[in-house]
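Report on the structure given below.
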Amino acid sequence: MSEGTFFLLTFILYALGAIFHLAYSFSRKESLARTGSSLAFGGLLLHTLALILRTVESGHAPFTNMYESLSFLAWSTVLAYLFVERKYKLRRAGAYIFLLVIALMALASSPLMPKEATPLVPALQSYWLWLHVSVTLLGEAFFAIAFVTSILYLRAESREKKSGASKRRPTAAELDSVSYRAVAVGFPLFTLGGLVFGMVWAHKAWGSYWSWDPKEVWSLITWFVFALYLHTRIVMGWKGRRSAVIAILGFLTALFTYFGVNYLLSGLHSYV
Amino acid sequence: MKALLRFFTSVRLAIVLLIFIILASMVGTLLPQGRSAEEYLTRYGQLSALLQRIQLTNVYQSFWYIGLLCLFSLNILICTLTRLSPKIRRVFRPQLGSEALSLLTLKIKDRFKLPGDVHSIQEIVKRELRRRHYRVRGKEAAGKVFLLGQKRALGRFGSDIVHMGILIILAGGILSGLASHRQSLTLPEGQTIPIAGADFSVRLDKFVTEYYPNGSVKDWKSHLTVLEKGKEVRQKAIEVNHPLKHRGYLFYQSGYGWDWPRARLEIWVRKSDQASAIEKIFLRVGQKQSLEGGNIDVVARRFLPDFVLDERRQPATRSLEPHNPAVFLESWKNGEKVFSGWVFAKFPDFGRVHGTAAADLSFELKDIDAPPYSVIQMAKDPGVPLIWLGCAVLMGGLFLAFYWPSRELRIVIEETNGKSELTAGGSASKGSDAFEREFSAIMDSLRKTR
Numbered sequence: 026m027s028e029g030t031f032f033l034l035t036f037i038l039y040a041l042g043a044i045f046h047l048a049y050s051f052s053r054k055e056s057l058a059r060t061g062s063s064l065a066f067g068g069l070l071l072h073t074l075a076l077i078l079r080t081v082e083s084g085h086a087p088f089t090n091m092y093e094s095l096s097f098l099a100w101s102t103v104l105a106y107l108f109v110e111r112k113y114k115l116r117r118a119g120a121y122i123f124l125l126v127i128a129l130m131a132l133a134s135s136p137l138m139p140k141e142a143t144p145l146v147p148a149l150q151s152y153w154l155w156l157h158v159s160v161t162l163l164g165e166a167f168f169a170i171a172f173v174t175s176i177l178y179l180r181a182e183s184r185e186k187k188s189g190a191s192k193r194r195p196t197a198a199e200l201d202s203v204s205y206r207a208v209a210v211g212f213p214l215f216t217l218g219g220l221v222f223g224m225v226w227a228h229k230a231w232g233s234y235w236s237w238d239p240k241e242v243w244s245l246i247t248w249f250v251f252a253l254y255l256h257t258r259i260v261m262g263w264k265g266r267r268s269a270v271i272a273i274l275g276f277l278t279a280l281f282t283y284f285g286v287n288y289l290l291s292g293l294h295s296y297v
Numbered sequence: 064m065k066a067l068l069r070f071f072t073s074v075r076l077a078i079v080l081l082i083f084i085i086l087a088s089m090v091g092t093l094l095p096q097g098r099s100a101e102e103y104l105t106r107y108g109q110l111s112a113l114l115q116r117i118q119l120t121n122v123y124q125s126f127w128y129i130g131l132l133c134l135f136s137l138n139i140l141i142c143t144l145t146r147l148s149p150k151i152r153r154v155f156r157p158q159l160g161s162e163a164l165s166l167l168t169l170k171i172k173d174r175f176k177l178p179g180d181v182h183s184i185q186e187i188v189k190r191e192l193r194r195r196h197y198r199v200r201g202k203e204a205a206g207k208v209f210l211l212g213q214k215r216a217l218g219r220f221g222s223d224i225v226h227m228g229i230l231i232i233l234a235g236g237i238l239s240g241l242a243s244h245r246q247s248l249t250l251p252e253g254q255t256i257p258i259a260g261a262d263f264s265v266r267l268d269k270f271v272t273e274y275y276p277n278g279s280v281k282d283w284k285s286h287l288t289v290l291e292k293g294k295e296v297r298q299k300a301i302e303v304n305h306p307l308k309h310r311g312y313l314f315y316q317s318g319y320g321w322d323w324p325r326a327r328l329e330i331w332v333r334k335s336d337q338a339s340a341i342e343k344i345f346l347r348v349g350q351k352q353s354l355e356g357g358n359i360d361v362v363a364r365r366f367l368p369d370f371v372l373d374e375r376r377q378p379a380t381r382s383l384e385p386h387n388p389a390v391f392l393e394s395w396k397n398g399e400k401v402f403s404g405w406v407f408a409k410f411p412d413f414g415r416v417h418g419t420a421a422a423d424l425s426f427e428l429k430d431i432d433a434p435p436y437s438v439i440q441m442a443k444d445p446g447v448p449l450i451w452l453g454c455a456v457l458m459g460g461l462f463l464a465f466y467w468p469s470r471e472l473r474i475v476i477e478e479t480n481g482k483s484e485l486t487a488g489g490s491a492s493k494g495s496d497a498f499e500r501e502f503s504a505i506m507d508s509l510r511k512t513r
């Protein structure tokens with residue numbers, strides 16, 4: 026089977042995962058959510074195979090164009106979600122995470138995105154491509170989890186305000202806490218992959234660890250927004266609504282760094 | 064002075080500064096940076112003078128951006144230092160003797176009675192805590208035993224270590240800004256260039272471009288030799304991602320090109336009346352070559368590697384890549400000009416089609432042999448080691464702050480009615496769920512001791 030077939034099967038499994046999770050969020054049957062997550066886990070395995078096949082076929086890391094990196098971001102997000110679900114027993118976010126994942130996959134396979142595996146330009150021929158991109162995108166996947174749980178928090182909070190805390194899991198407080206924990210995992214990963222590995226690679230490839238390239242500046246902005254999140258939360262004790270808003274802004278900044286900078290601003294990072 | 068100190072210790076200041084830095088950084092990516100004054104004038108007209116005056120065209124080197132970063136550094140430094148000494152005291156010289164009642168106000172707590180005297184219980188508790196890798200301190204006063212167990216105390220300093228890492232990185236950045244030295248070297252093959260400020264020179268022995276089967280560039284390799292007092296001391300083929308390092312100087316493959324003004328052009332001259340008779344001549348721009356015993360003269364006037372017509376319909380080159388090489392030739396036969404026009408390597412029929420070809424002569428640009436040169440970026444940046452040190456400290460601090468939660472357990476043992484009553488309370492810097500589990504496991508195993 027080709028990489029394309031695996032990609033399609035993965036897409037179908039993620040879509041089924043989303044449907045089961047949506048059904049769960051209406052009917053509250055635990056078994057539905059479990060089935061959904063198992064399907065998504067199957068999708069993750071097929072997705073991994075697709076990425077491996079892509080690597081073998083192209084002979085380089087599977088994130089050198091928009092199609093590849095979107096697909097990898099989707100993969101990381103599923104991985105991050107399954108990790109968070111297992112660790113914090115949070116099922117409610119599943120439906121929305123998988124909708125986000127499907128959107129990423131659909132965007133990856135849309136005709137707008139260049140798909141063909143091209144040989145690597147000299148600047149990308151480095152093992153730092155693996156380290157820099159994979160760790161950064163994994164960090165951003167955790168920011169995506171924080172984004173979705175924060176949005177769900179805002180909804181749950183306004184509902185609880187009206188009708189009091191319900192016994193339905195999870196409560197707003199749980200969503201708030203999971204959102205924080207996702208940032209706590211994503212922030213060190215993003216720092217390591219995006220900023221530290223990025224600087225090391227820039228030093229090796231361009232001769233300067235920092236050039237104020239728009240992508241660099243926007244990664245720094247993303248980092249500052251999450252630093253703001255952590256300081257307001259840990260030192261000033263902000264929680265709930267205000268924290269959620271910062272986490273949402275943080276993910277949007279990360280998204281702009283990843284996506285918007287390529288299309289709207291020009292600079293050194295014009296590979297993808 | 065005190066008020067100033069208080070101003071800099073506030074987290075609120077840090078938040079405000081963070082927001083300002085975020086906004087300023089955004090502005091720098093929205094306006095093109097570091098362009099020429101003319102470009103700003105055509106882009107923004109009247110506004111351009113103002114933009115340049117307030118340094119919006121050079122945000123990251125502007126006095127206000129650097130000022131913001133300095134304020135931020137000062138804020139971090141003072142915040143970290145003022146919070147450090149109470150933390151150090153708490154970890155290394157902790158107060159023992161918290162009363163049982165104060166322990167019971169903690170979120171994680173327990174109280175129960177055990178048979179046996181205070182001293183034997185104390186030993187059991189100490190053993191249990193040490194088994195779980197707690198560092199135990201104890202003191203006795205008024206018949207009571209006060210115990211303190213600490214674990215992963217370093218975790219408490221995670222955020223301080225992160226802040227130190229950031230300060231080291233900023234210091235490295237300042238050092239780079241003040242003392243780094245960068246230069247772009249353009250080296251044709253065979254040329255040696257002395258490095259300014261250093262007593263060695265670098266020679267480019269060979270420059271190779273490798274291509275993929277589809278024609279795109281796979282790699283550029285510059286074979287460099289380092290010479291010290293005329294002696295060869297080091298050789299390395301540098302590529303993108305693989306620089307050469309010598310005495311603190313780094314040499315990066317950053318570009319390439321061809322020395323077009325010195326290109327040797329291979330031109331085939333054909334006589335229209337006898338199609339097979341071809342004469343090959345080699346010309347450089349400005350050179351004249353004679354054919355047929357001096358009857359015919361050919362001169363190359365101008366060469367463009369990537370021919371286009373610019374907005375004024377004048378020949379120009381779009382790039383320095385040989386995408387559309389063209390030469391302007393003139394030819395005389397017996398003193399009479401018979402040809403004058405552009406000859407294109409990619410469109411050999413151009414002259415015939417456009418009727419510029421002389422009646423009996425046609426020219427083809429068959430090959431261009433220009434000496435390639437390599438562009439090598441030289442950098443000496445004394446800030447770099449500090450940057451890596453700062454990054455390592457930063458990552459270590461982040462790990463400690465998020466994944467090395469410090470735990471503290473205080474226990475008071477007092478005698479009541481021949482039994483020992485044990486009161487325990489605990490706190491963790493993060494991950495209190497996991498700590499709560501450990502706490503109750505410790506309490507359970509203590510309860511079982513009879």
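One line per chain: the protein sequences are A and B, in this order.
Heads up: the first sequence is residues 26 to 297, going by the numbering used here.
Heads up: the second sequence is residues 64 to 513, going by the numbering used here.
Beta carbons: idealized from backbone N, C-alpha and C, even for Gly.
Note that the coordinates shown come from a computational prediction; the quantities given were computed from them, not determined experimentally.
Could you tell me how far apart the beta carbons of Val109/A and Val203/A are, in whole angstroms, since I believe they sit closer than 8 Å?
6 Å
Residues of its chain near Phe391/B, where Cβ-Cβ distance is below 6 Å and the 5 sequence neighbours each way are ignored:
The residues are Arg364, Arg365 and Trp405.
Could you work out which residues of chain B lie near Phe249/A, taking near to mean beta carbons separated by less than 7 Å?
Leu81, Ile84 and Ile85
Note down, in chain order, all residues in the segment 359 to 393 of chain B with a beta-carbon under 8 Å from any beta-carbon belonging to chain A.
Listed in sequence order: no entries.
Report the CB separation of Val438/B from Tyr319/B in whole angstroms; it is logged as a contact under 8 Å.
6 Å
Quick one: Cα of Gln118/B to Cα of Leu241/B, how far?
19 Å
Could you check where the beta strand (DSSP E) with Leu217/A kicks off and where it finishes?
Looking at the DSSP string, Leu217/A is not in any beta strand (DSSP E), and its letter there is neither H nor E.
Gly67/A, DSSP secondary structure in three states:
helix
Which runs of the alpha helix (DSSP H), 4 residues or longer, sit entirely within the segment 483 to 510 of chain B?
Entirely contained in the segment 483 to 510 of chain B, not one alpha helix (DSSP H) run reaches 4 residues.
Is the CB of Asp282/B under 8 Å away from at least one CB in chain A?
Answer yes: the Cβ-Cβ gap between Asp282/B and chain A drops below 8 Å somewhere.
Go through its chain and collect everything with a Cβ distance to Ile341/B's Cβ below 6 Å, but skip five positions before and after it.
Trp331 and Arg333
For the structure I just gave you, are there three or more beta carbon pairs, one from the segment 257 to 266 of chain B and one from the segment 286 to 296 of chain B, closer than 8 Å?
yes
Thr34/B and Ala163/B: beta carbons closer than 8 Å?
The structure shown does not extend to residue 34/B, since chain B is modelled only from 64 through 513, so no value can be given for it.
Chain A within 8 Å of Cys133/B, Cβ atoms only
Not closer than 8 Å to any Cβ of chain A, the Cβ of Cys133/B fails to qualify, so no.
Inter-residue spacing [alpha-carbon to alpha-carbon] between Leu38/A and Val210/A
26 Å
Please state whether the Cβ-Cβ distance between Leu233/B and Ser136/B is less than 8 Å.
Against a cut-off of 8 Å, the Cβ pair of Ser136/B and Leu233/B comes out as a contact.
Where DSSP assigns a beta bridge to Met441/B, which residues make up the other side?
Gln246/B and Phe314/B
Is Gly219/A buried or exposed, if buried means 16 or more other CB atoms sit within 10 Å of its CB?
buried
Between the CA atoms of Ala171/A and Lys264/A - distance to the nearest angstrom:
14 Å
Let me know the secondary structure DSSP gives Phe284/A once reduced to three states.
helix
Ile231/B and His256/A closer than 8 Å at C-beta:
no
Cα-Cα separation, Gly61/A to Phe220/B
42 Å
Contact list for the segment 283 to 315 of chain B against chain A, Cβ threshold 9 Å:
Going along the segment 283 to 315 of chain B in chain order, one finds Trp283, Glu302, Val303, Asn304, His305, Pro306, Leu313, Phe314 and Tyr315 with a Cβ nearer than 9 Å to chain A.
Can you name the start and end residues of the beta strand (DSSP E) that Ile514/B belongs to?
Chain B is shown only over 64 to 513; residue 514/B falls outside these bounds and no answer can be derived.
Rank Phe462/B, Gly206/B, Ser111/B and Thr105/B by C-alpha distance to the C-alpha of Glu477/B and give the top, closest one.
Out of Phe462/B, Gly206/B, Ser111/B and Thr105/B, Gly206/B has the C-alpha closest to the C-alpha of Glu477/B.
Restricting to runs no shorter than 4 residues, where is the alpha helix (DSSP H) found entirely within the segment 340 to 404 of chain B?
For the segment 340 to 404 of chain B, there is no continuous alpha helix (DSSP H) assignment of 4+ residues that stays within its boundaries.
Just confirm the distance between the C-beta atoms of Val142/A and Glu82/A, as a whole number of angstroms; I'd bet it's less than 8 Å.
First, the amino acid is wrong: residue 142/A is Ala here, not Val. The C-beta separation of Ala142/A from Glu82/A comes to about 6 Å, placing the pair in contact by the 8 Å criterion.
Answer with yes or no whether the minimum CB distance from Val203/A to chain B is below 8 Å.
It does not: the Cβ of Val203/A has no partner Cβ on chain B nearer than 8 Å.
Determine whether the beta carbon atoms of Val271/B and Lys284/B lie at a separation below 8 Å.
Cβ distance < 8 Å, so Val271/B and Lys284/B count as in contact.
The beta strand (DSSP E) with Leu123/B in it runs from where to where?
Checking the displayed sequence, the identity of residue 123/B turns out to be Tyr instead of Leu. Here Tyr123/B belongs to no beta strand (DSSP E), and DSSP marks it neither H nor E.
Any chain A beta carbon closer than 8 Å to Leu248/B
no
DSSP state of Trp283/B mapped onto helix, strand, coil
strand
Sequence-distant residues of the same chain with beta carbon closer than 7 Å to Val122/B, five excluded per side
Ala87, Val90, Gly91, Gln96 and Tyr128
Rounded straight-line distance, which links the Cα of Met261/A to that of Asp496/B:
When the Cα atoms are used, Asp496/B and Met261/A turn out to be separated by approximately 22 Å.
Here's a check: name, in chain order, each residue in its chain whose Cβ is nearer than 7 Å to the Cβ of Phe71/B, leaving out the five neighbours to either side.
Leu137, Asn138 and Ile141
Taking Cβ positions, are Val361/B and Leu354/B nearer each other than 8 Å?
yes
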